[in-house]
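Protein chains in written order, with the numbering used here: chain A, 171 to 324; chain B, 104 to 488.
The next block holds one structure in the form of structure tokens; read it before the comments.
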Ligand SMILES: [Zn+2]
């Protein structure tokens with residue numbers, strides 16, 4: 171008999187299907203993005219902060235927000251990173267295509283930041299404060315993937 | 104009836120990247136037995152248990168139920184608290200509330216994790232919004248990199264400044280037999296290690312660990328009978344600041360600023376830099392060691408690099424940070440915040456051996472979650488007023 175054998179079992183290839191409601195504010199956002207390529211944000215009546223993505227309540231003021239405002243489509247890179255290590259994307263089960271630019275975009279007219287890919291074809295142009303614009307997907311379905319990525323324009 | 108609360112015993116495992124020799128329950132039991140021995144208490148003396156780890160790690164939920172043989176929770180009041188990266192500090196704050204309420208005299212607090220049993224990035228992803236936050240998400244590191252990038256741009260800091268923090272913590276870990284990574288590195292080695300996500304190099308970040316930690320709290324009625332020199336809890340604070348990742352103020356940790364201000368106010372501390380004696384910061388990457396001590400008010404905005412280069416936070420300096428080697432040396436996530444608490448306790452009690460800072464009056468410990476929230480505890484060697 172082998173002494174001190176440490177047995178390990180593995181979970182295998184199980185997958186679990188999820189179906190998430192985007193919610194009433196997100197649904198309006200994605201409908202506008204898909205059909206009109208417009209970015210809709212929402213403004214707090216009290217502190218006047220413009221939230222992107224839109225949501226129903228300003229957490230700071232705890233008041234309901236109803237004032238929709240169009241922002242973007244251009245903006246600046248507020249902060250970013252370039253991911254350089256390979257890892258499996260748990261959302262898709264596939265390896266992420268590294269390197270990729272991860273941007274926190276401040277749309278013109280918005281106060282909070284929108285996360286998306288930044289094209290890394292020319293890394294030297296990616297910096298905080300650089301102006302960017304979205305490149306839309308040809309086949310838009312009403313999701314965050316309706317934008318392919320943002321590209322630096324200055 | 105509100106009671107003052109003290110920590111009277113701590114225990115932790117010898118943390119490793121992989122503990123295939125034990126299951127979760129057995130790992131937890133190691134820390135619990137050490138904490139009981141440290142306090143010279145028996146399991147029958149414990150009135151209630153608070154336990155936690157990171158949701159979805161290991162893919163096994165309800166640790167409050169399945170671990171009772173190891174935790175000692177059989178037929179006792181036991182609750183699970185889980186708040187992501189801050190879990191280890193949150194369980195301590197929960198224990199403080201239970202004892203402070205006067206309803207329980209002696210409470211056992213446990214944090215644990217077996218990172219080796221799952222895909223950490225996959226598990227962390229489940230903490231983020233599936234509609235907005237996951238497309239570009241890359242686990243804990245992407246947000247941290249964005250924070251560091253913003254701080255560098257705002258204050259003119261450099262990758263070398265971050266690397267200096269990593270050199271410090273990895274050196275301190277040499278004094279801690281419980282630390283997972285005990286290998287000194289040079290500034291050049293940190294900067295030459297692979298770039299994971301700009302500006303973070305491999306040696307700027309924490310490892311994944313298997314480990315557990317346990318802490319025993321007691322009310323003021325019995326604390327000094329159990330332990331001649333207990334660690335008194337002076338204050339705790341907790342702040343959560345956002346819904347989506349894009350809501351944060353990158354380059355500043357708002358939750359740390361507001362929470363620490365609450366601590367200083369509660370304890371009457373005016374100059375934390377002078378009045379604190381040691382800090383055990385939940386600092387999973389080097390740049391957090393710059394940014395967050397500014398948010399604590401130890402130094403002003405943009406002043407941390409010079410303060411750290413001058414050796415003030417090294418062992419023997421004005422205000423040593425992470426004598427244990429911190430999170431960069433050891434990170435069993437659900438235990439990590441509680442290890443900070445236990446290490447601060449050992450400093451106050453004078454039990455920190457090779458990593459002891461002399462004459463600790465006040466110690467600070469914290470928990471951090473990759474979603475920009477912060478929990479924190481102020482420890483002291485005197486009974487609070
Ligand atoms: Zn508001």
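The beta carbon of each residue, even a glycine, is placed where N, CA and C say it ideally should be.
Cα-Cα separation, residue i to residue j
i	j	result
residue 178/B	residue 335/B	29 angstroms
residue 395/B	residue 175/A	44 angstroms
residue 234/B	residue 475/B	19 angstroms
residue 371/B	residue 362/B	14 angstroms
residue 273/A	residue 288/A	6 angstroms
residue 260/A	residue 230/B	12 angstroms
residue 204/B	residue 106/B	6 angstroms
residue 477/B	residue 229/A	17 angstroms
residue 295/A	residue 301/A	10 angstroms
residue 314/A	residue 305/B	30 angstroms
residue 297/A	residue 354/B	15 angstroms
residue 276/A	residue 323/A	14 angstroms
residue 204/A	residue 257/A	30 angstroms
residue 325/B	residue 464/B	21 angstroms
residue 281/A	residue 225/A	13 angstroms
residue 369/A	residue 222/B	Residue 369/A is absent from the model: chain A starts at 171 and stops at 324.
residue 221/A	residue 242/A	12 angstroms
residue 227/A	residue 238/A	13 angstroms
residue 400/B	residue 376/B	8 angstroms
residue 138/B	residue 170/B	17 angstroms
Where residue i meets chain A, residues with beta-carbon distance less than 8 angstroms
i	result
residue 235/B	196, 223, 285 and 314
residue 346/B	225 and 229
residue 228/B	260 and 261
residue 222/B	258 and 260
residue 225/B	258 and 260
8 angstroms Cβ shell around residue i - same chain, five flanking residues per side excluded
i	result
residue 130/B	116, 122, 173, 215, 217, 313, 314 and 315
residue 460/B	380, 381, 418, 423, 426 and 450
residue 119/B	283, 312, 313 and 314
residue 202/B	106, 108, 208, 209, 210, 320, 321 and 322
CB of residue i within 7 angstroms of CB of residue j, strictly
i	j	result
residue 232/B	residue 428/B	no
residue 312/A	residue 199/A	no
residue 288/B	residue 392/B	no
residue 269/A	residue 252/A	yes
residue 220/B	residue 161/B	yes
residue 305/A	residue 291/A	no
residue 470/B	residue 189/B	yes
residue 175/B	residue 146/B	yes
residue 448/B	residue 113/B	yes
residue 195/B	residue 333/B	no
residue 337/B	residue 483/B	yes
residue 210/A	residue 180/A	no
residue 192/A	residue 216/A	no
residue 383/B	residue 446/B	yes
residue 397/B	residue 387/B	no
residue 255/A	residue 349/B	no
Chain-order list of residues whose beta-carbon lies under 6 angstroms from that of residue i (same chain, five-residue window excluded)
i	result
residue 149/B	209 and 211
residue 274/B	287
residue 133/B	116
residue 299/A	246
residue 95/B	There is no way to answer for residue 95/B, as the model of chain B reaches only from 104 to 488.
residue 142/B	111, 112, 319 and 329
Proximal chain B residues relative to residue i, where beta-carbon distance stays under 7 angstroms
i	result
residue 176/A	123 and 124
residue 295/A	Correct list: empty, because the minimum Cβ distance to chain B is about 14 angstroms.
residue 282/A	349 and 350
residue 274/A	249, 349 and 353
residue 179/A	Going along chain B, no residue has its Cβ under 7 angstroms from residue 179/A, so there is no contact; the nearest lies around 10 angstroms.
Contacts that residue i makes with chain B (C-beta to C-beta distance below 8 angstroms)
i	result
residue 249/A	249, 250, 252, 253, 256, 353 and 354
residue 298/A	252, 253 and 256
residue 305/A	The contacting residues do not exist; residue 305/A stays about 14 angstroms from chain B at best.
residue 192/A	234
Proximal chain B residues relative to residue i, where beta-carbon distance stays under 9 angstroms
i	result
residue 253/A	239, 241, 244, 245, 248, 299, 300 and 301
Cut-off 7 angstroms between Cβ atoms - residues of its own chain near residue i, not counting five sequence neighbours on either side
i	result
residue 347/B	232, 235 and 236
residue 244/B	299, 300, 303 and 308
residue 365/B	340
residue 342/B	358, 361, 362, 476 and 477
Sufficient close CB pairs (3 or more, under 8 angstroms) joining the stretch 122–130 of chain B to the stretch 284–295 of chain B: Judged by pairs of C-beta atoms under 8 angstroms, the stretch 122–130 of chain B does not touch the stretch 284–295 of chain B, as fewer than three such pairs exist.
Stretch-stretch touch, CB-based, cutoff 8 angstroms, three pairs: the stretch 320–329 of chain B with the stretch 427–446 of chain B: Result no; under three Cβ-Cβ pairs closer than 8 angstroms.
Segment contact flag, the stretch 145–165 of chain B with the stretch 194–214 of chain B, C-beta cutoff 8 angstroms, min 3 pairs: Output reads yes: the stretch 194–214 of chain B touches the stretch 145–165 of chain B.
Cβ contact (3+ pairs, closer than 8 angstroms) linking the stretch 256–270 of chain B and the stretch 395–408 of chain B: Taking one beta carbon from each stretch, the stretch 256–270 of chain B and the stretch 395–408 of chain B have 3 or more pairs nearer than 8 angstroms; the two touch.
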